[in-house]
Amino acid sequence: MGLSWSSSQQKPTTKKVLVPPMFQRDGVQARLRDRFVESPYPYLGGHKRDIYGLFQDFMVPSPTCSVLFSPPADKRLTVVAAHLGMEQSEMVLRFQPLGAHIAHTFVDWQGNSKRPGDAALRASVFDPASGWGMFATLPCAKRISGALAQVGARYSSHSFTTGAIVQPRSETLAKAWMAFRHGGLLGAIEWEPKASLLDISSTLHRLLAADSQVWDGSINMLRQQSKIALAYEPTFDTPAGQGHFSACIELRNGQSLAVSFYQHMAVSRRVFNPTEAKDVVGITNYIDLGMEIVIPTGHSESSSLQPSQQQAKLSSSGSQSSPSSRTPRNARPARTQGAPQEGGAVAPRGAEQGQHCTEPAQKVGGEGEPASVNLAAAWQLNKNWMVKARVGSESVAAAVAARNWHTVSVVGTLNASWRYGDFKGPRLGAHIQLENFGSLRYERGVSQASGRAVLQRHEAEVQDIANMEGLGPEVPKGTLQADYDAQSVDITRGFL
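The numbering used here puts the sequence shown at residues 1 to 496.
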């Protein structure tokens with residue numbers, strides 16, 4: 001008797017493939033809760049937010065900082081501070097009374113230091129069982145900012161959503177939207193008339209009266225005040241979210257046509273890190289690709305008019321003006337929703353993360369967007385590092401990001417961008433983000449079609465081994481001359 005040291009009793013080492021979490025937590029996407037207090041058009045599906053996040057995340061050419069914090073004692077409270085820089089700071093303090101996991105019912109306060117008086121109290125109530133919800137935005141300093149209170153209602157389900165936002169004091173319809181989903185097909189329309197409810201009602205009555213001039217003017221104005229999108233997103237039940245691939249065609253205010261696609265991939269590769277354990281043979285990487293082409297589709301005279309002027313022109317297009325057509329009561333100049341960006345663009349609001357925009361910047365005025373092409377790619381090497389780059393018709397940019405995964409995670413990024421024709425050289429930027437909440441997301445790579453797995457294998461024959469050693473084939477003695485004679489035959493014999 002005694003101990004057996006036979007190697008046959010030792011368990012073989014099991015090889016491992018690492019699956020790191022995705023670089024951004026779900027908590028970073030907390031800004032998506034804004035869709036419950038505004039039009040969901042920029043958030044419908046995964047395409048728009050994913051592709052513009054790919055274009056702009058970690059690409060801001062200035063030093064910025066952001067904080068995403070939730071007290072461990074009460075996860076219903078979240079603090080999001082974005083754009084913490086010399087020129088602008090924005091903060092959102094949000095409370096979810098029904099629980100941290102119920103994101104559609106909340107009350108929050110948001111403020112922005114760049115625009116005087118830009119502070120508002122927002123509230124949202126939504127019942128998932130019935131699909132109905134209501135929300136409101138109340139400005140805290142409306143005399144300074146000129147903003148008006150807004151109230152909205154919505155209906156949302158897995159396949160259909162519709163709703164509207166009105167300004168009660170000015171009796172103005174601010175926005176209306178409708179969207180549907182059928183399988184992988186997604187269609188959406190957003191109408192932003194900013195016109196009096198009485199003017200809209202009067203126009204509808206004249207349309208029912210078959211007034212041809214009103215029909216022509218209404219169609220033209222509707223085209224200039226609407227955004228229409230048609231996207232295809234194959235449904236995938238994966239932790240990545242809305243799917244791996246999406247393609248979208250969008251008509252923006254009748255002035256430009258945008259065609260774009262987005263592709264997310266999880267692939268496996270070999271591990272070249274000498275510090276990893278010996279049983280680790282591979283790791284999953286996340287790769288994102290996106291491209292967008294914007295094509296101008298024309299410019300009309302009425303597109304340069306303000307919405308109130310367009311409505312006045314529409315009301316006077318018939319043979320007789322409607323007596324109910326009038327300027328909205330107590331109307332104030334509309335406040336520009338977004339901070340001005342380089343090139344005269346306006347960045348959308350609602351991005352609670354300093355490095356992300358949910359939709360592309362729109363040019364101010366009636367000229368629409370210029371023609372442009374943008375191509376971007378991001379590669380997450382492991383749980384700590386990610387690199388990305390963007391090449392476009394106007395500029396190029398690149399960024400590298402690193403993060404740790406402690407109780408309070410820290411993300412640090414460095415980026416450089418250069419606009420063509422700017423002889424001052426590239427612009428440099430840096431961003432630091434602190435966060436302590438948000439679940440992690442994982443996705444396994446497809447082992448059958450990644451890396452070396454595309455190669456097939458078969459048992460090596462004797463001749464295969466000889467070829468690898470540089471040896472020729474063995475042939476019987478006396479056949480060499482016969483082979484030479486066969487190869488010397490005129491192969492063109494019989495050709496015309």
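By construction, the Cβ of each residue, glycine as well, lies at the ideal position given by its N, Cα and C atoms.
Quick caveat: nothing in here was measured; it's all calculated off a predicted structure.
For the putative contact between residue i and residue j, defined by C-beta atoms under 8 Å, what is the C-beta separation to the nearest angstrom?
| i | j | result |
| --- | --- | --- |
| F95 | L68 | Rounded, the Cβ-Cβ distance is 15 Å, inconsistent with contact. |
| E250 | A277 | Not confirmed; about 47 Å, so no contact. |
| W132 | S39 | W132 to S39, Cβ: 17 Å. No contact. |
| R390 | F55 | 6 Å |
| R419 | E394 | 6 Å |
| P473 | Q463 | 6 Å |
Taking the C-alpha atoms as reference points, what is the distance between residue i and residue j?
| i | j | result |
| --- | --- | --- |
| S70 | A82 | 15 Å |
| Y52 | T162 | 24 Å |
| A376 | I287 | 11 Å |
| T105 | L44 | 19 Å |
| N436 | W405 | 9 Å |
| P360 | Q88 | A caution first: P360 carries a pLDDT of 41, below 50, which makes its placement in the model unreliable, though a value can still be read off. Each residue's Cα considered, the two are about 20 Å apart. |
| G318 | M221 | Confidence at G318 is low in this model, with a pLDDT of 42, below 50, so its placement is unreliable and no value can be given for it. |
| N285 | T275 | 18 Å |
| V373 | S256 | 13 Å |
| A119 | Q167 | 17 Å |
| N273 | Q433 | 27 Å |
| G298 | A378 | 34 Å |
| V408 | W385 | 17 Å |
| T14 | V271 | 16 Å |
| V79 | E90 | 11 Å |
| K424 | R252 | 33 Å |
| K388 | T203 | 50 Å |
| P72 | L98 | 17 Å |
| S201 | Y41 | 24 Å |
| C248 | G392 | 19 Å |
| E469 | M265 | 39 Å |
| S113 | G429 | 21 Å |
| A383 | L84 | For the sequence presented, residue 383 should be read as Lys rather than Ala. Answer to the nearest angstrom: the Cα atoms are 26 Å apart. |
| R115 | K194 | 22 Å |
| H182 | S124 | 27 Å |
| Q110 | V281 | 48 Å |
| I219 | H205 | 15 Å |
| P128 | D199 | 34 Å |
| G438 | F126 | 22 Å |
| L471 | E461 | 14 Å |
| R457 | R269 | 18 Å |
In its own chain, which residues sit with a C-beta less than 6 Å from the C-beta of residue i, not counting the 5 before and 5 after it?
| i | result |
| --- | --- |
| A149 | L138 |
| Y262 | H47, D50, I51, S246 and G290 |
| I165 | Q150, G152, A174 and K175 |
| A103 | R33 |
| N467 | none |
Take residue i and list the residues in its own chain whose beta-carbon comes closer than 7 Å to its own, dropping the five residues that flank it on each side.
| i | result |
| --- | --- |
| L185 | Y232 |
| A100 | K75 and R76 |
| D279 | T13, T14, K15 and K16 |
| S130 | none |
With distances taken between CB atoms, is the gap from residue i to residue j smaller than 8 Å?
| i | j | result |
| --- | --- | --- |
| S156 | W191 | no |
| A153 | G117 | no |
| V259 | I293 | yes |
| F517 | F160 | With the chain running from 1 to 496 in the structure shown, residue 517 is simply not present. |
| D74 | L93 | no |
| S20 | I283 | Position check: residue 20 holds Pro in this sequence, whereas Ser was assumed. Yes, Cβ-Cβ distance for P20 and I283 is below 8 Å. |
| V37 | R122 | yes |
| L207 | E171 | no |
| I465 | A371 | no |
| R25 | L440 | yes |
| G187 | Q224 | no |
| F23 | R444 | no |
For residue i, which residues in the same chain have their Cβ closer than 8 Å to its Cβ, ignoring the five residues on either side in sequence?
| i | result |
| --- | --- |
| H431 | F58, V60, P63, T64, C65, S66, G354, Q355, V411, G412, T413 and N415 |
| R497 | Because the chain here runs from 1 to 496, residue 497 falls outside it and cannot be looked at. |
| H158 | R181 |
Check whether the segment 415-434 touches the segment 388-404, counting contact only when three or more Cβ pairs, one atom from each stretch, lie closer than 8 Å. yes
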